[in-house]
Amino acid sequence: MLKQGKSKATILKETGCTVAVKNATFNIEKGEFFVIMGLSGSGKSSLLRCLNRLIEPTSGKVVLNDRDITLLSDDKLQEMRRKEMAMVFQNFGLLPHRTVIDNVAFGLELQHVPLEERTQKAQEVIDLVGLNGYEKQHTAALSGGMQQRVGLARALANNPEILLMDEAFSALDPLIRTQMQDELIDLQKTMQKTIVFITHDLDEAIRLGDRIVIMKDGEVVQIGTPEDILTNPANDYVSSFVEKVDRKSIITAASLMFEKPTVAIFRKDGVEGSLRKMRSSGLISLPAVSLDKHFLGFVYLKDILELKAKGEHTIEKAIMSDVPVAYPEYTVEQMLPFIAENGRPVPIVDRQTNKLLGIVAQTSLLIETTGTSWENVTGNTIDNLQKEII
Amino acid sequence: MIHIGPYIEQFINWLTLNFAEFFNAVKYIVESVVNSVEFVFMYPPFYVIIALIALLSWKRSGLGLTVLSILGLMLIWAMGYWPQTMATLALILSAAFIALLIGIPLGIWAAKKPLAGKIMRPVLDLMQTMPAFVYLIPAVLFFGLGKVPGAFATVIFAMPPAVRLTSLGISQVPASIVEATRSFGATPGQLLFKVELPIALPTILAGVNQTIMMALSMVVISAMIAAGGLGEVVLKGITQLKIGVGFEGGIAVVILAIILDRITQSFGNVKKSNI
């Protein structure tokens, strides 16, 4: 019916069926931490369940390593679920009649792995997720965080290529959640699993994801890296989320940077040249660079004027070189210490060559820190703002 | 006036005529089951059986039930109803065993296939609400008089709770657990035996308890078709208006009921506290 161009609402009215997911196409790379983000009812959980066919997609393909999963026979599908994909659930889905270690070994038990071997493997992952000492406990006696560790351990025990995580941390306390997120990031770094993670929380998506897909009403709204999404929201829906996000730790110098600032070029611009540049741009300080664009420091209007009074021609003595520099990958959070009283912009230089790449205005930093959007502050564009300050 | 009776009569007669071989085979099997169970209870001296039941009560329940079962069983023996009580116990356990053997798989089926469940529900209602005496008539036609028709009527009467509670237990297993199990590549069999049945076990055991209690009540009634046991004592009390004999038999039934109920209940409770 979708192919006939009917809308979700029409189909619901005519058939009583809700279209959970439509036209969701994306590739997930090996070893990638891929986050599917959306509000409840956006189809994200249904989409995840299509990947291991807990829900059968009515049309479309799920291709894993050049194999279309939707065409697998029941046997092959079971094999795939046992060996290649393991899932972690929001409500844990642990077996209440079994101990922690028996829960963790459950996937291996289904594969008929001998008792001794599966106990040993289960013990390894139990140590890995920090559950040692709890092996013989019944799962109902554990806290939510501990239960989810069991869920994670159970998935890891199968040694799957792909981890499917359905709102795995949503039921946990904020503190525990952050801790689990950190541990998951570490685990992924060491184990190099492909992770497909579902969340309704953009903060979590940004913290975890290499790439994020944002869904609404069963459709993909935007796919991109966390920074793509924060800096270039595809539409109003995405921006409404982005506004609420803590940007400090995500936005980098590279994206805030004003790339072609007015500079005083040492050995080219003398005292007069520098003054003229300051006058025309209305600035009281300029970054100074060498002829091959190496960053040297800053020159200030009052120092140049002093040099002029003394009758000097080069600006060498006016260059303040004890200026801290930032690299493009620095986050706003890391650049906060650079905020200085005199309002000097932060120079961004290339880590290897020490060439000046651009500058970040302090106002930009302040705005990112306080979380106010540009329009609310001045109604101006970024470029204008930068120029004002420089 | 509509006469349904003649049609049912014809149907039962048809069954009796055409499935005589089948009924004979069933009779033979059930008879040997009941007789061997009866032999197990009748052969040892009464104090051995009392000691074993007391030990089981001690293990499963505690001091109270142990004292109760020792005193109660001693009383039965002292009243002179020991053989009848053992015959009744054997018939209850055999019938309950057969009822569970059929009822639990049916319960699983009903939980798995909504259509099967829908069809089974009115049949179960019918089996439970039909006055128990009615089952005695076809039972006699199929199997003659004696223990086997008694067991047959008991099985039919006692089976519904086993089916219902098994079905309930299985459908109450949280969907999230079933989904998680499937996501790890469980076959339907693995799902059933490793997850659904263990989680449903307390509910199924409640069904086992109910089945045994209903079997007990039916076994007394089936004395009317010469199934023997305590029912015969009670029946004698009724037919000969011997109020004392009737109550003696009744007390023996009550003692047996309490012991069976407490012991079977304890299985369900222990499982629950583990979870």
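Heads up: the sequence lines are chains A and B, in that order.
Each residue of the first sequence is one higher than the one before, starting from 278 at the first, in this note's numbering.
Each residue of the second sequence is one higher than the one before, starting from 1202 at the first, in this note's numbering.
Yeah, the Cβ is synthetic: ideal placement off N, Cα and C, and Gly gets one too.
For residue i, go through chain A and note every residue whose CB falls closer than 8 Å to its CB, in chain order.
i	result
B/Q1391	L387
B/V1396	L372
Establish whether the CB of residue i and some CB of chain B are separated by less than 9 Å.
i	result
A/H374	yes
A/E356	yes
A/R431	yes
A/K360	yes
A/G574	no
A/G384	yes
A/L392	no
A/G369	Note that residue 369 of chain A is Phe in the sequence shown here, rather than Gly. Answer yes: the Cβ-Cβ gap between A/F369 and chain B drops below 9 Å somewhere.
A/L316	no
A/L441	yes
A/N435	yes
Is the Cβ of residue i closer than 9 Å to any Cβ of chain A?
i	result
B/L1406	no
B/L1402	yes
B/Y1208	no
B/V1227	no
So which residues on chain A does residue i lean against when the C-beta distance must stay under 7 Å?
i	result
B/P1399	H374
Using only CA atoms, which one of the options lies nearest to residue i?
i	options	result
A/N512	A/K493, A/K525, A/D351, A/Q465	A/K493
B/G1318	B/V1238, B/S1368, B/A1333, B/M1415	B/S1368
A/G588	A/Q611, A/T416, A/V548	A/V548
A/E356	A/S641, A/E496, A/G384, A/H477	A/G384
A/S567	A/I305, A/F575, A/S526	A/F575
A/F446	A/H477, A/D351, A/K307, A/D345	A/H477
B/P1375	B/V1409, B/F1298, B/P1399, B/E1232	B/P1399
B/Y1282	B/I1460, B/I1464, B/G1451, B/L1461	B/G1451
A/V312	A/I500, A/P391, A/Q639	A/I500
A/K470	A/I542, A/G308, A/V298	A/G308
B/G1347	B/M1287, B/M1419, B/A1387, B/M1425	B/M1425
B/G1345	B/N1225, B/G1469, B/G1390	B/N1225
B/R1383	A/I462, A/R359, A/Y604, A/E401	A/R359
B/L1272	B/S1262, B/S1467, B/A1252	B/A1252
A/N304	A/F572, A/S557, A/K338	A/K338
A/L634	A/E610, A/V602, A/L613	A/V602
B/I1464	B/M1414, B/A1363, B/M1321	B/M1414
A/G486	A/G495, A/E496, A/I462	A/I462
A/E645	A/G550, A/Y577, A/T608, A/I625	A/T608
Just the chain B side, please: which residues come within less than 9 Å of residue i by C-beta, in chain order?
i	result
A/M364	E1380, A1381, S1384, F1385
For residue i, I'd like the list of residues in its chain whose CB is within less than 6 Å of its CB, leaving aside the five on either flank, ordered along the chain.
i	result
B/W1259	T1267
B/A1296	A1352, T1355, V1356, A1416
A/G656	The pLDDT assigned to A/G656 is 45, lower than 50, so where the model puts this residue is not dependable; a value taken from the coordinates is nonetheless given after this. For A/G656, where only same-chain residues beyond five positions count, there are no Cβ hits under 6 Å.
A/S319	M492, K493
A/S516	P510
B/K1473	Any answer about B/K1473 is weak, because its pLDDT of 48 lies below 50 and its placement is not dependable; what the coordinates show is given next. Within the same chain, B/K1473 has close Cβ partners P1403.
B/I1293	A1416, L1417, V1420
B/A1255	T1267, S1270, I1271
A/Y411	V377
A/M597	G574, F575
Only counting the same chain, and skipping five residues up and downstream in sequence, which positions put a Cβ closer than 7 Å to that of residue i?
i	result
B/L1290	F1242, L1457
B/K1437	K1443, V1446
A/V498	I491, M492, A511, N512, Y514, V515
A/G315	K321, H477, I491, M492, K493
B/V1238	A1291, L1294, S1295
Excluding the five sequence neighbours on either side, which residues of its own chain have a C-beta within less than 8 Å of the C-beta of residue i, listed in chain order?
i	result
A/L405	A430, L433, L464
B/P1246	none
A/L372	D379, N380, F383, T416
Starting from the beta carbon of residue i, find every residue of chain B whose beta carbon is closer than 8 Å, and list them in chain order.
i	result
A/L507	The contacting residues do not exist; A/L507 stays about 33 Å from chain B at best.
A/L331	E1380, R1383, S1384
Q: Taking a Cβ distance cut-off of 7 Å, strictly less, list which residues of the stretch 1361 to 1391 of chain B are near chain A, in chain order.
A: S1377, I1378, E1380, A1381, R1383, S1384, F1385, G1386, A1387, T1388, Q1391
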